[in-house]
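Numbering (this note's numbering), first residue to last: 734 to 1033.
Below: one structure, written as structure tokens.
See below:
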């Protein structure tokens, strides 16, 4: 048995939560991965994982072994990185998850520069507004806007965006242009952005001279993906609140018109987020540094 390979295999099962995802992330057959873990358990003389047909759970002995060996694996990776960084270029596959409009309007237009700088890095983009599990889905990092609620992750702030409220000229001609946020409660049609996680609509937020207000009314249409949300506004379905970087072109064209300008809400923070219990490979380090260098200018 190659003990180091077996330990790495066991660690990926713990992080991924099942054998199939772990095997996919390690690019090895499921049977090979299972045999490695079985051999490790036989070598140690303890049960590390409890398997059923539906799930895999870590035994108390397995949890303790994982926590200790994870530190050893990180130390080994740090040693390898310190020796290789000075003489090698960043390389390998980088998996990044990003929201729909942020991918279309910010990240993808920036990528030719990154790919030119680091030709040996291959990039897989997962584009979705749905939350993901970085560990079980084997994702290196995610780019997300809004408040953060998971303290087990490392987050680096990479920029802030402006939220604007807008509608089509035809809609405003039919329903009128509101002068105050409260007017949205009186006969106006709202297109809400809804959470893909729980289906709840995000309220329309407004702020002026330190005064904050939220409008929570039943929406006519709800959309859980940012590009489709903008499309709903462009179709004249109602008033939307969206990021200025997504709407800039259509605002210049006059297809959408910003309303309630003096009531723009507070700026919206964006972060790059990655696991804290996983070694940060060189390809992820340079990607984060590259985002810190140019993302703010694109999203602001």
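Quick reminder that beta carbons are idealized off the backbone N, C-alpha and C, glycines included.
Measure the CB-CB distance between residue i and residue j and report whether it falls below 7 Å.
| i | j | result |
| --- | --- | --- |
| residue 910 | residue 992 | yes |
| residue 868 | residue 1014 | no |
| residue 882 | residue 828 | no |
| residue 962 | residue 954 | no |
| residue 886 | residue 998 | no |
| residue 739 | residue 760 | no |
| residue 834 | residue 919 | no |
| residue 865 | residue 808 | no |
| residue 891 | residue 1003 | yes |
| residue 789 | residue 751 | yes |
| residue 1021 | residue 1005 | yes |
| residue 947 | residue 936 | yes |
| residue 749 | residue 755 | yes |
| residue 924 | residue 987 | no |
| residue 836 | residue 860 | yes |
| residue 899 | residue 990 | yes |
Among the candidates the options, whose CA atom is the shortest distance from the CA of residue i?
| i | options | result |
| --- | --- | --- |
| residue 823 | 947, 1024, 1019 | 1019 |
| residue 915 | 766, 1002, 938 | 938 |
| residue 803 | 737, 986, 865 | 737 |
| residue 784 | 777, 753, 758 | 753 |
| residue 922 | 778, 952, 948 | 952 |
| residue 856 | 893, 931, 1032, 1017 | 1017 |
| residue 849 | 1023, 1033, 1028 | 1023 |
| residue 777 | 795, 767, 903, 985 | 795 |
| residue 878 | 995, 930, 893 | 893 |
| residue 1050 | 845, 801, 995 | Nothing can be reported for residue 1050, as the shown portion of the chain is limited to 734 through 1033. |
| residue 928 | 958, 902, 950 | 958 |
| residue 917 | 906, 907, 950, 934 | 950 |
What do you get for residue i, buried or exposed, if any count of 16 or more other CB atoms within 10 angstroms of its CB means buried?
| i | result |
| --- | --- |
| residue 1030 | exposed |
| residue 979 | buried |
| residue 1000 | exposed |
| residue 851 | buried |
| residue 1026 | exposed |
| residue 781 | buried |
| residue 930 | exposed |
Got a sec: is the Cβ-Cβ distance from residue i to anything in chain D below 7 Å?
| i | result |
| --- | --- |
| residue 996 | This model lacks chain D altogether; it includes just one protein chain. |
Is residue i near the ligand ATP, with its Cβ less than 6 Å from a heavy atom?
| i | result |
| --- | --- |
| residue 756 | No copy of the ligand ATP appears in this structure; indeed no ligand is present at all. |
field: Whole beta strand (DSSP E) elements within the segment 892-978, 3-residue minimum
entry: Counting whole runs of 3 or more residues, the segment 892-978 contains the beta strand (DSSP E) stretches 896-900, 924-926, 937-941, 944-948, 954-956, 973-976.
field: Inside the segment 751-777 only - alpha helix (DSSP H) runs reaching at least 4 residues
entry: The segment 751-777 contains these whole alpha helix (DSSP H) runs: 752-759, 763-777.
task: Write down every uninterrupted run of the alpha helix (DSSP H) in the segment 806-857 whose length is 4 residues or greater and which is fully enclosed by it, in chain order.
output: Runs found: 841-850.
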